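Enquirer: Quick one: structure below, then a few questions.
Protein chains: 2
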Amino acid sequence: MSNIHRKRHLPPLAALPAFEAAARHQSFSRAAEELHLTHGAISRAVAQIEDRLGVELFVRRNRRVWLTAAGERLLKATSAALNGLDGAVEDIHRHDGASPILTVSCEPSLAMRWLMPRLGRFREANPDLNIDLRLAGGPVDLLADGCDVAIRRADYGISEQYITTRLWAEHAGPVCDPDCWETILAGNLSNARWLHARTRPDAWEVWKRASGNEATAASEQYFDHFFFALQAAVNRLGTAIGPLPLVYDDLKAGRLISPLGMAPTGYDYVLITLDPPDRDPRISLFFDWLMAEAGDMDGGALPGNDMVGPGKKI
Amino acid sequence: MSNIHRKRHLPPLAALPAFEAAARHQSFSRAAEELHLTHGAISRAVAQIEDRLGVELFVRRNRRVWLTAAGERLLKATSAALNGLDGAVEDIHRHDGASPILTVSCEPSLAMRWLMPRLGRFREANPDLNIDLRLAGGPVDLLADGCDVAIRRADYGISEQYITTRLWAEHAGPVCDPDCWETILAGNLSNARWLHARTRPDAWEVWKRASGNEATAASEQYFDHFFFALQAAVNRLGTAIGPLPLVYDDLKAGRLISPLGMAPTGYDYVLITLDPPDRDPRISLFFDWLMAEAGDMDGGALPGNDMVGPGKKI
DNA sequence: CGTTTTCTGTGAATATTACTCACAATAAAT
DNA sequence: ATTTATTGTGAGTAATATTCACAGAAAACG
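Sequences listed follow chains A and B, in order.
Taking numbering that gives the first Met the number 0, the leading residue of the first sequence gets 0, the next gets one more, and so forth.
Taking numbering that gives the first Met the number 0, the leading residue of the second sequence gets 0, the next gets one more, and so forth.
In structure tokens form, the structure reads like this:
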């Protein structure tokens with residue numbers, strides 16, 4: 000993405016508080032009271048926005064006004080904008096600019112299967128730093144989205160304006176139910192039903208190349224998302240390619256096994272920030288914790304299965 | 000929460016584009032070029048914000064300027080605000096106010112265990128309406144958070160300013176591993192290790208009262224979150240109280256069973272909106288889909304187990 | 001049904017603010 | 001030492017925001 004921003008179309012900003020108050024009260028007069036202005040000022044402010052946008056924001060009928068669809072849309076953005084700015088001013092006055100909230104953008108699958116289950120521990124260790132987790136994939140615009148950091152699989156070109164810090168190299172490999180592997184598949188991958196995810200259709204090919212394995216599928220099945228393919232593997236429907244972080248807890252709990260090990264996929268997981276992570280103590284804290292939680296995942300080391308399961312509960 | 004807003008502390012809004020451009024370019028002169036103003040105008044705009052906030056936003060040294068911590072914080076909010084407003088204006092011009100994005104705020108546990116696995120189907124059925132899912136619990140301020148709808152368990156007073164639409168009555172009951180129930184517990188709840196979640200410490204008591212069951216725990220264990228207690232149940236560590244939507248898929252897949260059935264907890268799950276759901280076609284679409292996905296969950300009906308799992312492992 | 005009340009819109013005057021210009025100050029680059 | 005690229009600032013000016021006073025319109029009221 001280029002660094003050149005297309006020209007913004009903004010409403011007259013100074014008129015926004017008047018609009019927001021009018022929308023909230025559904026009355027120009029009461030908005031005027033709240034802002035210690037005259038109703039005429041409110042009327043003109045609203046009219047100014049309407050002129051600029053070329054759209055009516057309010058339906059004026061009888062002695063009442065209410066928002067049009069355009070007005071509702073603008074109110075949503077205005078309200079969010081004003082509250083966001085107010086929060087920033089608050090933070091600046093109270094903490095000299097450091098927000099006690101760290102906004103993290105993370106890919107949904109990693110967030111669900113790896114990050115969220117661990118966040119509780121982070122909260123426990125850092126009760127005064129709240130994490131606001133936003134699920135989003137693909138290119139991220141930290142500033143536009145109001146995020147401090149993003150976690151991404153670096154499988155696309157990440158804008159030069161950001162600092163990317165490597166977290167770990169992704170490893171992936173076939174995973175399936177432990178019983179299934181022994182009894183049904185007899186330890187032979189070519190007996191397996193291969194589960195594919197449309198979001199990464201080449202996952203099996205990538206693994207075969209990286210590991211040098213020549214097996215072929217006994218049968219195949221396609222799912223819309225990794226999530227479903229992995230769920231299907233847990234349910235003994237077949238064997239899926241599991242990226243290590245997404246199946247780490249399943250391996251650890253013994254719900255899945257990785258009989259043939261994992262191989263690097265060639266992609267790194269990275270932390271995306273505006274400045275080097277050590278510049279912001281909150282980000283520094285989060286980054287260090289991430290690395291500690293990741294442990295030796297960078298090397299593709301599998302979690303030991305020896306401590307979990309019925310009869311040997313932790 | 001009262002409807003009376005505490006007074007906002009806002010920076011001078013009209014000066015924000017100048018500040019944002021200056022911060023982006025790390026130069027007042029280039030910001031002036033971009034905005035077709037003189038560098039003096041930028042200087043004054045920045046100084047005006049600094050005066051109002053009583054904080055320096057830029058470090059001016061040598062021939063370069065860069066942001067202070069306060070400046071970075073304000074930039075984040077400013078950038079988000081301006082982009083949000085720009086997006087609103089775009090939507091207004093293109094779609095007459097209707098955004099092609101529906102922002103949904105949902106409780107994390109429900110989102111992870113029920114909503115997210117189903118969202119793929121929604122996207123498939125409605126490819127032109129994108130869902131932006133935000134995980135958050137407790138009271139919600141739709142406008143301040145920029146959300147269109149919120150899904151919540153109605154266990155607290157929801158502000159009168161919102162429309163709440165009932166989705167289903169929550170049902171909950173003991174859930175555990177199917178083998179465990181027969182072999183270890185011998186079908187008797189009093190033989191079980193009861194798994195508690197600190198987020199809902201009275202869950203077992205509520206269920207006992209609702210179902211008239213008099214059982215007592217053989218042993219007990221506490222977890223910080225429902226998520227962990229349920230995961231522990233899947234791992235055969237004991238029996239947890241599972242709210243139906245949070246264990247629906249586990250029951251359906253046979254990972255868990257609900258041997259004693261579910262009883263209503265007295266709480267409803269609700270959809271929170273600013274206007275009645277049928278006023279906004281996007282919300283209407285989402286609501287109808289939610290109700291269809293929820294199926295007969297309102298009556299506490301358990302998913303049939305008879306169609307899942309190789310060999311019908313139940 | 002007329003009168004009053006309660007809204008919002010608007011022309012003209014005014015107060016305020018924003019912007020520019022020209023110059024000053026600073027320090028790096030040459 | 002001179003030039004160059006940067007930001008700060010006083011004074012004048014242009015632009016705009018706000019008010020005041022009045023107008024219009026429709027609900028509320030007796």
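Positions of the beta carbon are idealized from the N, C-alpha and C atoms, including for glycine.
Values in this document were obtained by computation on a predicted structure and should not be read as measured data.
1) Going along chain B in order, which residues have a C-beta closer than 7 Å to the C-beta of L192(A)?
2) At which residue ranges does the segment 11-66 of chain B contain complete alpha helix (DSSP H) runs of 4 or more residues, listed in the order of the chain?
3) When the Cα of R165(A) is compared with those of F286(A), P16(A) and L12(A), which residue comes out closest?
4) With 16 other CB atoms within 10 Å as the buried threshold, where does G294(A) fall?
5) Helix, strand or coil for V103(A), going by three-state DSSP, please let me know.
6) Which residue marks the beginning of the beta strand (DSSP E) containing G265(A), and which one marks its end?
7) Using the C-alpha atoms, what's the distance from A46(B) back to P16(B)?
8) Does the beta carbon of V103(A) sit closer than 8 Å to a beta carbon anywhere in chain B?
9) State buried or exposed for N61(B), treating a residue as buried only when at least 16 other CB atoms are found within 10 Å of its CB.
10) For N125(B) and chain A, any beta-carbon pair shorter than 8 Å?
11) Hey, A76(A) and G83(B) are a contact pair by Cβ (cut 8 Å); roughly how many whole angstroms apart?
12) Taking a cut of 8 Å between CB atoms, which residues from the segment 29-46 of chain B lie near chain A?
13) Could you tell me if A196(B) is buried or exposed, where buried requires 16 or more neighbouring beta carbons within 10 angstroms of its beta carbon?
14) Kindly confirm or deny that the segment 96-107 of chain A and the segment 100-111 of chain B touch, where touching means at least three C-beta pairs closer than 8 Å.
15) Can you give the beta carbon distance from A191(B) to A216(B), rounded, assuming they're within the 8 Å contact cut?
16) Rounded to whole angstroms, what is the Cα-Cα separation between R208(B) and G265(B)?
17) For the segment 17-35 of chain A and the segment 89-101 of chain A, state whether three or more C-beta atom pairs, one from each stretch, are separated by less than 8 Å.
18) Please name the residue in L301(A), D154(A), I162(A) and Y155(A) whose C-alpha comes closest to that of V148(A).
19) Let me see if you follow: with CB-CB separation under 8 Å, is L9(B) close to chain A or not?
20) R325(A) to T182(B), Cα distance in whole Å?
21) What residue does the alpha helix (DSSP H) around P244(A) start on, and which one ends it?
22) My assumption, with CB atoms under 8 Å, is that A153(A) sits in contact with D267(A). Please give the rounded CB distance.
23) For E89(A), go through chain B and note every residue whose CB falls closer than 8 Å to its CB, in chain order.
24) Within 10 Å of its beta-carbon, does E71(A) have 16 or more other beta-carbons around it, so buried, or fewer, so exposed?
25) Please tell me whether G241(B) and P263(B) are closer than 8 Å, where the distance is taken between their beta carbons.
26) The beta strand (DSSP E) spanning W315(B) covers which residue range?
27) For Q230(A), does the count of other Cβ atoms within 10 angstroms reach 16, so buried, or fall short, so exposed?
28) Helix, strand or coil for I256(B)? Go by DSSP, reduced to three states.
29) Using a Cβ-Cβ cut-off of less than 9 Å, give me the residues of the segment 74-86 of chain B that come near chain A, in sequence order.
30) Between S210(B), G253(B), S28(B) and E55(B), which has its C-alpha nearest P10(B)'s C-alpha?
31) Report the option in Y247(A), Q220(A), H224(A) and L245(A) whose CA atom is closest to the CA atom of R235(A).
32) For the beta strand (DSSP E) that W167(A) lies in, which residues bound it at each end?
33) Going by alpha carbons, who is nearest to A239(B) out of A22(B), A202(B), K251(B) and G211(B)?
34) Quick check on DSSP: helix, strand or coil for L236(B)?
35) Helix, strand or coil, according to DSSP, for S158(B) in the structure here?
36) With distances taken between CB atoms, is the gap from N127(A) to P173(A) smaller than 8 Å?
Expert: Taking the coordinates as given:
1) Before going further, note that residue 192(A) is Arg rather than Leu in the sequence given. Correct list: empty, because the minimum Cβ distance to chain B is about 10 Å.
2) 15-24, 27-34 and 38-52
3) F286(A)
4) exposed
5) strand
6) A262 to T272
7) 13 Å
8) no
9) exposed
10) no
11) 5 Å
12) none
13) buried
14) no
15) 7 Å
16) 11 Å
17) no
18) I162(A)
19) yes
20) For residue 325(A) there is no data in the structure shown, the boundaries of chain A being 0 and 313.
21) L243 to A252
22) 5 Å
23) H8
24) buried
25) no
26) The structure shown does not extend to residue 315(B), since chain B is modelled only from 0 through 313, so no value can be given for it.
27) buried
28) strand
29) L74, K75, A76, T77, S78, A79, A80, L81, N82, G83, L84, D85 and G86
30) E55(B)
31) Q220(A)
32) I162 to V174
33) A202(B)
34) coil
35) coil
36) Before going further, note that residue 127(A) is Asp rather than Asn in the sequence given. Cβ atoms of D127(A) and P173(A): not closer than 8 Å.
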